[in-house]
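Counted from 1, the sequence shown has number 186 at position 186 by my numbering; the numbering is strictly sequential. Working notes, beginning with the structure itself.
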Amino acid sequence: MISNFRLARLSIYTMLGLSLGTLSVHVSAAQVSVKPAEQQEIQTQKSLPGRIVSFQQSQVRPQVDGIIVARLFEEGSYVEKGQQLFQIDDTRYEALLNRAKASHQSAAAEVARLQLRQKRYRNLLKTNAVSQQEFDDIQVELHQAQALESVAASDVELAQVNLDYTKVYAPIAGYISKAFVSQGALVSTNQTEYMALITQLDPVYVDLSLSGMIDPQFSQSLANNKSIPFSLNYIRGNNTIKYEQTGALKFSEMVMDESTAATQLRGVIANPDGVLRPGMFVRARVETGSIAGVLVPQRATTRTKNGALKLFVVNDNNTVEERVLNNPQEYQDQWLVQDGIKSGEKIVMEGYQKVGVGDSVETVDWSAPQVTQNEDVFR
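This is how it looks when you write it as structure tokens:
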């Protein structure tokens with residue numbers, strides 16, 4: 001009876017094993033999400049450090065000697081080109097102008113007198129009432145008087161210029177500094193200290209430093225005087241802020257700095273609100289050219305034991321294959337690949353953790369998750 005019981009139990013185990021084996025055969029293939037690889041041409045960019053430089057700056061200096069009697073601007077304000085900034089005591093220069101005018105009038109009167117005398121001598125010469133020598137002498141005197149009148153006229157112009165220089169005007173439009181001279185101070189034309197400084201802030205220059213060799217395509221664009229666009233970030237407190245305006249590169253130094261192995265670039269950017277100030281440190285994102293390749297999302301890649309990037313693809317037989325990506329370049333949240341994967345291959349985006357090379361899989365199209373887009377601020 002015991003033998004019959006053991007025989008029955010053995011039969012049950014055998015049937016159970018056969019049933020489990022049947023189940024393992026019918027387990028469905030793993031499901032993975034895939035995305036086709038696409039060949040694209042993208043704009044390559046570099047993030048470069050830089051500083052803001054004033055587009056134009058002018059030192060306000062006296063052009064005549066004298067005492068400052070008035071300051072006519074508000075320090076730190078915006079001044080227009082031609083706006084009067086200072087008044088220098090003009091008493092002496094008005095007197096010099098009046099004296100020059102009087103000298104000119106005297107010289108002009110002498111010319112008029114000699115012209116009348118010349119006219120009389122010409123008539124008398126016809127009747128031999130005067131000699132040719134006397135007529136020639138009056139001619140010479142007249143020419144000398146006319147020359148002296150011209151000198152007197154120039155003296156009037158010079159005296160007027162010096163009088164006008166007692167009014168000190170803004171040579172350019174921009175924001176003016178504090179006054180470096182006060183009312184009652186004596187200024188002179190050869191002094192080293194300027195009276196004020198005017199800085200033009202719209203537009204401004206952005207001086208950038210590009211380390212290493214310049215990409216040939218980028219270098220050719222600069223050589224052809226093409227305006228290469230760039231965007232800008234600046235620091236305010238502890239925050240990195242993206243600047244709204246877009247600038248354009250205009251110039252590149254032809255010689256690399258030997259101490260830093262960097263090339264200096266200069267761009268121009270609008271600054272209507274005066275947000276960017278000279279000396280401010282910024283970072284610029286510059287479009288340096290274009291490059292063709294396959295964009296691979298970084299989320300689909302893992303590392304091999306030696307650190308190389310790899311991913312899984314699904315071939316036409318729905319079998320998993322491995323691809324090693326050679327010399328990938330980082331581009332936003334993707335890898336730009338020119339070797340290792342071909343356009344059209346199906347990249348495993350999700351589920352690659354549960355499959356291996358040679359596994360048969362079932363594929364579904366991958367959909368990018370919906371996320372809130374943050375402002376594109378680069379560092």
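Glycine included, C-beta positions come from ideal geometry on N, C-alpha and C.
**OP:** Go ahead and label G21 buried or exposed: buried means 16 or more other beta carbons lie within 10 angstroms of its beta carbon, across all protein chains shown.
**Re:** Confidence at G21 is low in this model, with a pLDDT of 49, below 50, so its placement is unreliable and no value can be given for it.
Original post:
Exposed or buried, what is E149 when buried is set at 16 or more other beta-carbons lying within 10 Å of its beta-carbon?
Top reply: buried
Original post:
Taking buried to mean at least 16 other C-beta atoms within 10 Å of its own C-beta, is F312 buried or exposed?
Top reply: buried
Original post:
Smallest Cα separation from K310: which of V204, Q298, G82?
Top reply: Q298
Original post:
Would a C-beta distance cut-off of 8 Å place S252 and A29 closer than the cut-off?
Top reply: no
Original post:
Considering only the beta carbon of each residue, do V204 and V282 sit closer than 8 Å?
Top reply: no
Original post:
Okay, do the segment 71–87 and the segment 108–126 touch, 3+ Cβ pairs below 8 Å being the bar?
Top reply: no
Original post:
Where do the ends of the beta strand (DSSP E) carrying A70 lie?
Top reply: 66–71
Subject >> Three-state class that DSSP yields for E75 in the structure shown >> reply: coil
Original post:
Identify the residues that DSSP records as bridge partners of F312: which are they?
Top reply: E322
**OP:** On a CA-only basis, which of L295, V324, H143, G293 is nearest G307? Give me that one, please.
**Re:** V324
**OP:** In angstroms with no decimal places, state the Cα-to-Cα distance between D333 and A37.
**Re:** 15 Å
Original post:
Between N238, T363, S47, which lies nearest to N318 when the distance is taken from Cα to Cα?
Top reply: T363
Original post:
The beta strand (DSSP E) with F86 in it runs from where to where?
Top reply: 84–88
Subject >> Where the beta strand (DSSP E) containing E193 begins and where it ends >> reply: Note, E193: premise wrong, no beta strand (DSSP E); not H, not E.
Subject >> 8 Å Cβ cutoff, Q146 in contact with chain C >> reply: Reference to chain C is not applicable here, since this structure consists of a single protein chain.
Original post:
Can the beta-carbon of K250 be found closer than 8 Å to that of V268?
Top reply: yes
Original post:
Which partner residues does N233 have in the DSSP bridge list?
Top reply: K242, R283
**OP:** Please work out which residues of its chain come closer than 7 Å, Cβ to Cβ, to L23, disregarding the five sequence neighbours upstream and downstream, and give them in chain order.
**Re:** In this prediction, L23 scores a pLDDT of 46, lower than 50, which makes its location untrustworthy; the coordinate-derived value is nonetheless stated afterwards. Hits under 7 Å: none found.
Original post:
Near A173, what residues of its chain come up, given a Cβ to Cβ distance below 6 Å and the 5 sequence neighbours on each side ignored?
Top reply: E80, K81
Original post:
Roughly how many whole angstroms lie between the Cα atoms of R99 and Q160?
Top reply: 11 Å
**OP:** Compare the C-alpha of I88 against each of I42, A95, D65 and name the closest.
**Re:** D65
Original post:
In the DSSP assignment, what are the bridge partners of S33?
Top reply: E350, V364
**OP:** Return the residue from the list A262, V348, A270 that minimises the CA-CA distance to G247.
**Re:** A270
**OP:** Please state whether DSSP places R303 in a helix, a strand or coil.
**Re:** strand
Original post:
Does the Cβ-Cβ distance between P278 and V34 come in under 8 Å?
Top reply: no
Subject >> A292 in three-state terms, based on DSSP >> reply: strand
Original post:
Which of helix, strand or coil does DSSP assign to R122?
Top reply: helix
**OP:** Evaluate contact between the segment 286–298 and the segment 332–349, counting only Cβ atoms and requiring at least three cross-stretch pairs below 8 Å.
**Re:** yes
Subject >> the segment 183–191 in contact with the segment 138–155 per 3-pair CB rule at 8 Å >> reply: no
Original post:
From L158 to A152, what distance separates their C-alpha atoms?
Top reply: 10 Å
Original post:
What residues in its chain sit with their C-beta under 6 Å from that of A70, if we drop five residues either side in the sequence?
Top reply: Q87
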